[in-house]
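Trainee:
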Amino acid sequence: MSLKKDEELGGMAFYHDKAIVIQEARVFNESPISPRKCRALLTRIIFLLYVGETFTTQEATTLFFGVTKLFQHKDSSLRQMVYLVIKELSSVAEDVIMVTSSIMKDMQPNLEVIYRPNAIRALARIIDASSVVSTERFFKSAIVDRNPSVSSAAIVSAYHLHPVAKDVIRRWANETQEAANGKGGSSGGLYGAASNYFGGGSSSQQAGYQAIPSTSYIMQYHALGLLYLIREKDRMAVTKMVQQFGGSGKGGSSGILKNPMAIVMLIRYASKVMEEDPNVFKQMYEFLDGLLRHKSDMVNIEAARALTEVKNIDQATLYRPVAVLQLFLSSPKPVLKFAAIRSLNKLAQTHPGAVAGCNLDIENLITDTNRSIATYAITTLLKTGNEASVDRLMKQISGFMTEITDEFKIIVVDAIRSLCLKFPTKQAVMLSFLSGVLRDEGGYDFKRAVVDAIFDMIKYIGECKEAALAHLCEFIEDCEFTKLSVQILHLLGLEGPKTKQPTKFIRYIYNRVVLENAVVRAAAVSSLAKFGVSVGDPAIAKSVNVLLRRCLDDVDDEVRDRAAMYLRVLSEESLADEYIRNEATFPLANLESALMSYLKTPAQLEEPFDTSNIPKISREQAAAEVPRPVALDIVAPSPTAQETSQPSAASIQSLYTAQLQAVPELEPYGSVLRSTSKPVALTESETEYVVTAVKHIFKEHIVFQFNITNTLPDTVLENVSVIMTPSEDTALTEDFIIPYPLLTSEVPGTVYVSFTRDSPEQYTIGAFGCTLKFVSKEVDPASGQPEDEGYDDEYQIEELDLGAGDYISPNYANFASEWERLKAGATATETFALSSSESLKAACDSLIEVLNMDPLGGTEQPTSSSVHTLNLSGILCGGGGKVLARCRMTFQAGAGVTLELGVRAEQEAACSLVIGAI
1 MSLKKDEELG GMAFYHDKAI VIQEARVFNE SPISPRKCRA LLTRIIFLLY
51 VGETFTTQEA TTLFFGVTKL FQHKDSSLRQ MVYLVIKELS SVAEDVIMVT
101 SSIMKDMQPN LEVIYRPNAI RALARIIDAS SVVSTERFFK SAIVDRNPSV
151 SSAAIVSAYH LHPVAKDVIR RWANETQEAA NGKGGSSGGL YGAASNYFGG
201 GSSSQQAGYQ AIPSTSYIMQ YHALGLLYLI REKDRMAVTK MVQQFGGSGK
251 GGSSGILKNP MAIVMLIRYA SKVMEEDPNV FKQMYEFLDG LLRHKSDMVN
301 IEAARALTEV KNIDQATLYR PVAVLQLFLS SPKPVLKFAA IRSLNKLAQT
351 HPGAVAGCNL DIENLITDTN RSIATYAITT LLKTGNEASV DRLMKQISGF
401 MTEITDEFKI IVVDAIRSLC LKFPTKQAVM LSFLSGVLRD EGGYDFKRAV
451 VDAIFDMIKY IGECKEAALA HLCEFIEDCE FTKLSVQILH LLGLEGPKTK
501 QPTKFIRYIY NRVVLENAVV RAAAVSSLAK FGVSVGDPAI AKSVNVLLRR
551 CLDDVDDEVR DRAAMYLRVL SEESLADEYI RNEATFPLAN LESALMSYLK
601 TPAQLEEPFD TSNIPKISRE QAAAEVPRPV ALDIVAPSPT AQETSQPSAA
651 SIQSLYTAQL QAVPELEPYG SVLRSTSKPV ALTESETEYV VTAVKHIFKE
701 HIVFQFNITN TLPDTVLENV SVIMTPSEDT ALTEDFIIPY PLLTSEVPGT
751 VYVSFTRDSP EQYTIGAFGC TLKFVSKEVD PASGQPEDEG YDDEYQIEEL
801 DLGAGDYISP NYANFASEWE RLKAGATATE TFALSSSESL KAACDSLIEV
851 LNMDPLGGTE QPTSSSVHTL NLSGILCGGG GKVLARCRMT FQAGAGVTLE
901 LGVRAEQEAA CSLVIGAI
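In the UniProt record's numbering, the protein residues as written are 1 to 918.
(1) Run through the DSSP bridge pairs and tell me what Val559 is partnered with.
(2) Is Tyr795 helix, strand or coil by DSSP?
(3) Can you tell me which of the three DSSP states Thr482 falls into?
(4) Is Asn174 helix, strand or coil by DSSP?
(5) For residue 934, count the other beta carbons within 10 Å of its own beta carbon; 16 or more makes it buried, fewer makes it exposed. Which is it?
(6) Please report how far the alpha carbon of Thr715 lies from the alpha carbon of Thr709, in whole angstroms.
(7) For the putative contact between Thr585 and Ile617, defined by C-beta atoms under 8 angstroms, what is the C-beta separation to the nearest angstrom?
(8) Leaving out five residues before and five after Val914 in sequence, what residues of the same chain have Cβ atoms less than 7 angstroms from its Cβ?
(9) I think Met107 touches Leu123, with their Cβ atoms under 8 angstroms apart; what is that distance to the nearest whole Å?
(10) Pick helix, strand or coil for Arg674, following the three-state DSSP scheme.
(11) Take Leu822 and list the residues in its own chain whose beta-carbon comes closer than 8 angstroms to its own, dropping the five residues that flank it on each side.
(12) Can you give me the start and stop residues for the alpha helix (DSSP H) that Cys420 sits inside?
(13) Which residue comes first and which comes last in the alpha helix (DSSP H) that contains Lys18?
(14) Can you tell me which of the three DSSP states Asp452 falls into?
(15) Looking at Leu325 and Thr308, is the spacing between their C-beta atoms short of 9 angstroms?
(16) Write down every uninterrupted run of the beta strand (DSSP E) in the UniProt domain "Coatomer subunit gamma C-terminal" (805-918) whose length is 3 residues or greater and which is fully enclosed by it, in chain order.
(17) What does a CB cutoff of less than 6 angstroms around Thr756 pick up in its chain, not counting 5 residues either side in sequence?
(18) Let me check understanding here. Comparing Cα to Cα, which of Ser526, Leu588, Glu849 and Val535 lies closest to Leu548?
(19) CA-CA distance, Thr68 and Asp95?
(20) Just to confirm, is the Cβ distance from residue 958 to Lys37 under 9 angstroms?
(21) Nearest by alpha-carbon distance to Pro424: which of Ile256, Asp289 and Asp456 is it?
(22) Give every residue of the same chain whose Cβ lies closer than 7 angstroms to the Cβ of Val238, excluding the five residues on either side of it in the sequence, and list them in chain order.
(23) Determine, using beta carbons only, whether Leu78 and Leu42 come nearer to each other than 9 angstroms.
(24) Looking only at its own chain, which residues have a Cβ that is under 6 angstroms from the Cβ of Ala910, when we skip the five neighbours before and after it?
(25) Pick helix, strand or coil for Ser31, following the three-state DSSP scheme.
(26) Quick check: what's the CA-CA separation for Ser612 versus Leu802?
(27) Keeping to the same chain, check which residues put their C-beta closer than 6 angstroms to that of Glu830; ignore five residues upstream and five downstream.
(28) State buried or exposed for Ser836, treating a residue as buried only when at least 16 other CB atoms are found within 10 Å of its CB.
(29) Looking at C-alpha atoms only, which residue of Ile540, Val867 and Phe832 is the closest neighbour of Ile918?
(30) Strictly by DSSP, which residues pair up with Cys770?
(31) If you follow the alpha helix (DSSP H) that Gly532 is in, where does it begin and where does it stop?
(32) Going by alpha carbons, who is nearest to Leu856 out of Tyr689, Tyr740, Arg619 and Tyr807?
(33) Just to confirm the assignment, what range does the beta strand (DSSP E) spanning Leu743 have?
(34) Helix, strand or coil for Pro781 per DSSP?
(35) Taking Leu717 as the reference, give the member of Tyr740, Gln892 and Gly225 with the closest Cα.
(36) From the DSSP output, which residues share a beta bridge with Gly749?
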């Protein structure tokens, strides 16, 4: 390691050794002081600090006070180096506050010395919060100094002091505003003595500022950042600041700001204001549009990028910013090309049509020497190209992939992944490309990206299933990553038996049993068993049986145990139905919530964990709850993908459980059995008070949660509660109401109303009249505080129903086998006339909504307009067991739908509840 470090430092390791540097620090005590020696040593200290060398507190303190002895020397470049070292050592050394007075001498406004900005920056690092007030006048005068470098140093120092002295820094707003207006002075901005660290320089250069044109206006950039930091909590003040500095925005003007970096920062603030306040959208848009004609390239790029990222912008409005970005694609400067293609690449994810006009210029960037630019060009074309250009693009990409790193390869693969779904007819070309890169050298992340892309092709493009599975089989023959092999073997077990020639995959799977490690062998055994059960050919089942018996002698116990289990499964149909053919699974969020509740209740730990009350879902539903990769959302999402963008019922249940656990009054109730996943709206969304309700079912209680939003900014509501009145006698007794103390227009409030179930074994249904009750107080516009006195008020809201669906959770099941199993349980059959239903589809939707049960086998979509059977499955909370409903329906125009409802359940109460709900 030491030799390697010597090589990296170019043979200078001895020269930059910390111990030697500390020993040589005695040069600071020499008399007279040698500026050249001291500058050289200070440079070595700075180098050690910048490369990550650590000094102990004692070492840093010794060096710090040794360096402070150089304050007596007048050499300007030496003093600059002194301040650099002091600034870096101040965070480690002790008693650094002692040099405050020496530094403040170099901050005097009448001093024309080159190291004054260095002194200002060093002072900000040394003083603490209590000392900021005593140095306030020095910083204020420096902020408005005529030299931009002094002004910028003071503003940046104030920026760093803001976290510890917010109130003091806030008083510097007027001076900061003056600096932002560009009234600092007429000279300077940069210092030239940096080149004199080792070489002296002329006396005129060392004595004062080096004159340069005052065209940088750098202090505007720093001042604007400090002004925003001071006002960031006040949205209105930020809006006014953007309007003030933005000016008209016409003709490329940006008002009083001259510094391009300051204008770029203002663009970002304007984008934020435009997103938060729709009232100023038009003004901010015109300002950004005007900056597209600014003389600075960075301003043009930033303005165009901001406009392309505006939410819900139409394609016609994107013409101007896209045209500006297109011009930069042919720029000779790589940084401008990179910025332009990156913005277009991001825009192509949401508006590919707006970027398609630039494709000719983008194609020229595929061969760019900068691989980052070329990668963005490729992925942009993949998102915007048409079907005819796919073949040409794939040929260009094939040669391109060998020249880039794995990180860029993953970006390209993700883009191809989305293109597969956009143009399914080109699946053969893209599958051939993916299988080719799968054989190339690459790390795990890259290979996983390619495998995931092929998995999605199998899932969404049925025509390529067999070819894709064949490519994956070839890949696992020489796959070095165990995790990928296991995933592929699992997929082969699911999809392989469904293909036309399932036997050709068995050889590849059994090879893994012979040649791979124990983890892969165990996965291969499980995959083989699925072929034996799912194919349905006795000859294949017999062959699989022979292969599994060979695994009984495996050296690994996991492999042996799996083989033994699956041999038993193959011999008994009931076990095969339960462990292989069964498509039901538990939602992970629900299972986790039930397990956590079980572990938190000591009394329950004496009994085994019961999964009978956890509703099940199909494997397809479980897969749909997993969010699709971002790459797949570039194309128009399918209905399944749209559903997955919404929170799942399981995740909503977990959220409600966490909320209820935070309410102390509800803690004795135990775990919640079920919460309604969709809030019930009790008011219109445009009313002054918006109220929604959620129902929570406990073992012995029912809790109604009312989410209330106050839309009136000039009114606050105190002691908000909801009065619930049952429309008829119910087996519920009101316990208490938990009111919300203070409801403003900024944050919604929650009110809880609790009822006791008089007979927990019964499932009460009924309607409740609801009235919102509160104390209304006006808000003083001057102070923003509510008035002392208010008045009692009421607000009538809609009735809230408690129905059968509130007690039932959707539960996936094999309807035929479960219906037959429950034949010996509770049964009921009734006939109903649904005269208000205008079609079989409307009747199906109503039944699913009222009963809140899971439609099975696609029966929620009638295939006939006159006769249909809807199969439903659910589970009754609180140990009510499974319940199935068979809804036979006929439809006649004018008469509506006639329903024969058959119900089978594990308990009689479930049958009564479902029949009573209709």
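For glycine and all other residues, C-beta sits at the position ideal for the given N, C-alpha and C.
Mentor: Well, looking at it:
(1) Per DSSP, none; premise fails for Val559.
(2) strand
(3) helix
(4) helix
(5) The chain is shown from 1 up to 918; residue 934 falls before or after that span and cannot be answered.
(6) 12 angstroms
(7) 6 angstroms
(8) Ala804, Leu851, Val883, Ala885 and Val903
(9) 7 angstroms
(10) strand
(11) Lys882, Leu884, Arg904, Ala905 and Glu906
(12) Asp406 to Lys422
(13) Lys18 to Gln23
(14) helix
(15) yes
(16) 808-810, 826-834, 867-876, 881-892 and 896-905
(17) His701, Thr733 and Asp735
(18) Ser526
(19) 12 angstroms
(20) Limits of the chain in this structure are 1 at one end and 918 at the other, which puts residue 958 out of reach.
(21) Asp456
(22) Tyr228, Arg231, Glu232, Tyr269 and Val273
(23) yes
(24) Leu876, Gly880 and Val883
(25) coil
(26) 24 angstroms
(27) Leu901 and Ile915
(28) exposed
(29) Phe832
(30) Met724 and Ile797
(31) Ala518 to Ser534
(32) Arg619
(33) Tyr740 to Leu743
(34) coil
(35) Tyr740
(36) Ile708
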